[in-house]
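Take a look at the structure below.
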Amino acid sequence: MEINRELLFFFSALGAFNGLVLSLYFLLFAKPTHISSKFLGAFLLMMSIRIGKSVFFYFNSDLALEYLQFGLTACILIGPFLYFYVKSVVQPESETIKTWRYHVGLWLTVALVVGYLYPFKTNVELWRPYFIKTIYYQWFLYTIATGYILRNILVKFFRKKDKLESTDIWLTSVFVGNLMVWAAFTFSRFSSYILGALTFSFLFYLLFLFLFFNKKKRSIIFQNVPKYVDRKIEIAQATILMEELERTMLKQEPYKDANLKSSNLAKQLNISTHQFSQLLNDNIGKSFPVFINEYRIDEAKRMLKKNDHLTLEAIGYECGFNSKSTFYTAFKKKTGTTPAQFKKSNS
Numbered sequence: 015m016e017i018n019r020e021l022l023f024f025f026s027a028l029g030a031f032n033g034l035v036l037s038l039y040f041l042l043f044a045k046p047t048h049i050s051s052k053f054l055g056a057f058l059l060m061m062s063i064r065i066g067k068s069v070f071f072y073f074n075s076d077l078a079l080e081y082l083q084f085g086l087t088a089c090i091l092i093g094p095f096l097y098f099y100v101k102s103v104v105q106p107e108s109e110t111i112k113t114w115r116y117h118v119g120l121w122l123t124v125a126l127v128v129g130y131l132y133p134f135k136t137n138v139e140l141w142r143p144y145f146i147k148t149i150y151y152q153w154f155l156y157t158i159a160t161g162y163i164l165r166n167i168l169v170k171f172f173r174k175k176d177k178l179e180s181t182d183i184w185l186t187s188v189f190v191g192n193l194m195v196w197a198a199f200t201f202s203r204f205s206s207y208i209l210g211a212l213t214f215s216f217l218f219y220l221l222f223l224f225l226f227f228n229k230k231k232r233s234i235i236f237q238n239v240p241k242y243v244d245r246k247i248e249i250a251q252a253t254i255l256m257e258e259l260e261r262t263m264l265k266q267e268p269y270k271d272a273n274l275k276s277s278n279l280a281k282q283l284n285i286s287t288h289q290f291s292q293l294l295n296d297n298i299g300k301s302f303p304v305f306i307n308e309y310r311i312d313e314a315k316r317m318l319k320k321n322d323h324l325t326l327e328a329i330g331y332e333c334g335f336n337s338k339s340t341f342y343t344a345f346k347k348k349t350g351t352t353p354a355q356f357k358k359s360n361s
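Per the numbering used here, residue 15 is the first one in the sequence shown, and the count goes up by one each step.
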């Protein structure tokens with residue numbers, strides 16, 4: 015090899031090798047143990063096999079066709095594992111996560127059956143381009159499905175008022191990185207076949223530099239198992255939490271913040287967001303919006319009785335409603351009358 019080819023081989027193979035090592039870590043050793051870490055490990059493993067195949071084929075075009083078939087078989091599982099990794103982090107309690115075995119089993123069966131009946135070695139004209147194009151289309155469809163799950167997070171990048179969490183950046187980076195690698199392989203005829211491997215190596219180190227400098231890196235990569243996912247909060251503990259929650263609502267009046275989130279109150283109570291949702295749903299019997307709006311409406315009623323100098327819209331904003339229509343709708347739903355009618359009857 016010339017020096018330039020040696021460097022090209024080194025950098026393109028480095029990402030595949032490190033991706034392989036890291037995938038084994040997530041599959042076998044990562045703590046805390048959670049299904050999302052397994053999905054991430056499987057995604058990296060399939061991607062690393064696909065990248066490794068392309069690297070060796072680029073530098074040795076006489077590589078046995080069985081190895082090419084093996085790499086493409088791994089490629090058919092990249093999309094499903096990406097989808098279920100993101101799903102398990104964004105929607106950890108979704109029933110869809112339980113269906114991953116059907117997706118993986120289906121595609122693995124298709125790959126093995128087709129590979130056995132029409133091996134690459136004797137059916138090159140079928141694999142190129144028909145089978146290979148089908149694999150890339152399948153990968154792309156799963157990528158689109160993953161983007162749909164991430165739609166609310168992706169929108170945040172275009173809204174200045176929305177604060178991006180580290181997990182948002184991480185998941186978006188994995189999604190975009192996957193899309194870039196897919197594009198590099200799909201459109202390799204317009205550039206270079208090795209571009210996919212180089213793209214993966216570059217993105218691999220870029221993403222993990224981000225993790226290295228992020229203090230909350232462990233919680234970014236995968237989701238911790240919620241402590242109370244399978245059982246309710248004990249009555250004694252729930253009583254204490256409800257009393258503390260009421261004190262917080264009355265003294266600090268957090269409901270006046272129009273951007274208040276359940277995670278903010280969970281932090282005040284020193285519990286997880288999942289536990290806080292269970293407290294509201296199982297013990298208080300209300301959803302978060304209903305619970306918060308009750309405090310806002312009670313405050314609005316007090317203000318409507320006392321303040322003649324404030325407009326109805328100003329009172330709504332003062333109580334934490336982010337628009338006049340939201341204030342009117344919530345108020346009427348709760349009291350059966352409009353703010354104007356309530357103010358008139360109490361003046």
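The beta-carbon is built from N, C-alpha and C at its ideal position, and this holds for glycine as well.
Remember, it's a predicted structure, so these values are computed and weren't measured experimentally.
Through-space distance from residue j to residue i, alpha-carbon basis
i, j, result
"S291", "E260", "15 Å"
"P143", "A198", "16 Å"
"A272", "P106", "26 Å"
"Y44", "F356", "Per the sequence shown, the amino acid found at residue 44 is Ala instead of Tyr. Approximately 58 Å, taken between the alpha carbons."
"F70", "S187", "27 Å"
"F134", "L42", "32 Å"
"A88", "N137", "19 Å"
"S26", "K300", "54 Å"
"E327", "T253", "36 Å"
"T160", "K319", "50 Å"
"M61", "K67", "10 Å"
"Y97", "Y130", "27 Å"
"Y342", "A314", "11 Å"
"N297", "Y116", "36 Å"
"Q289", "L22", "50 Å"
"N360", "K348", "17 Å"
"R64", "S51", "20 Å"
"L279", "E179", "17 Å"
"A344", "Y156", "39 Å"
"I158", "E248", "42 Å"
"K358", "G350", "14 Å"
"F302", "I90", "41 Å"
"G119", "V103", "22 Å"
"I285", "L255", "9 Å"
"F172", "L164", "14 Å"
"K170", "A250", "39 Å"
"F57", "G93", "8 Å"
Start-to-end residues for the alpha helix (DSSP H) that takes in residue i
i, result
"I149", "146-163"
"E308", "302-320"
"R173", "Neither: R173 is in no alpha helix (DSSP H) and is coded neither H nor E."
"E260", "249-265"
"R115", "114-131"
"I65", "49-73"
"D271", "Element bounds for D271: n/a, residue is neither H nor E."
"A78", "Here A78 belongs to no alpha helix (DSSP H), and DSSP marks it neither H nor E."
"D182", "180-200"
"T3", "Residue 3 lies beyond the range of the chain shown here (15 to 361); nothing can be said about it."
"L96", "92-104"
"P353", "353-359"
"L324", "Neither: L324 is in no alpha helix (DSSP H) and is coded neither H nor E."
"F290", "287-292"
Residues of its chain near residue i, where Cβ-Cβ distance is below 7 Å and the 5 sequence neighbours each way are ignored
i, result
"L86", "I146, I149"
"S277", "T287"
"K338", "E327, G330"
"I167", "D182, L185, T186"
"E9", "Absent from the model: residue 9. The displayed extent of the chain is 15 to 361, so no value can be given."
Spatial neighbours of residue i in its chain, beta-carbon cut-off 6 Å, leaving aside the 5 residues before and after
i, result
"L59", "S37"
"Y132", "L140"
"G55", "S37, F40, L41"
"K346", "T352"
"T200", "Y150"
"F214", "G29, I65, V195"
Same chain only: Cβ atoms within 8 Å of residue i, ignoring 5 sequence neighbours per side
i, result
"L324", "M317, E332"
"L274", "P268, I306, G334"
Any non-hydrogen atom of the ligand NAP closer than 7 Å to residue i Cβ
i, result
"F172", "With respect to small molecules bound, the structure shown includes none, and the ligand NAP cannot be examined in it."
If we count Cβ pairs, one from each stretch, closer than 8 Å, do we get three or more for the region 26-34 versus the region 76-84?
no
Three or more C-beta pairs under 8 Å: does that hold for the region 323-336 against the region 294-311?
yes
Does the region 188-196 come close enough to the region 112-130 that 3 or more CB-CB pairs lie under 8 Å?
no
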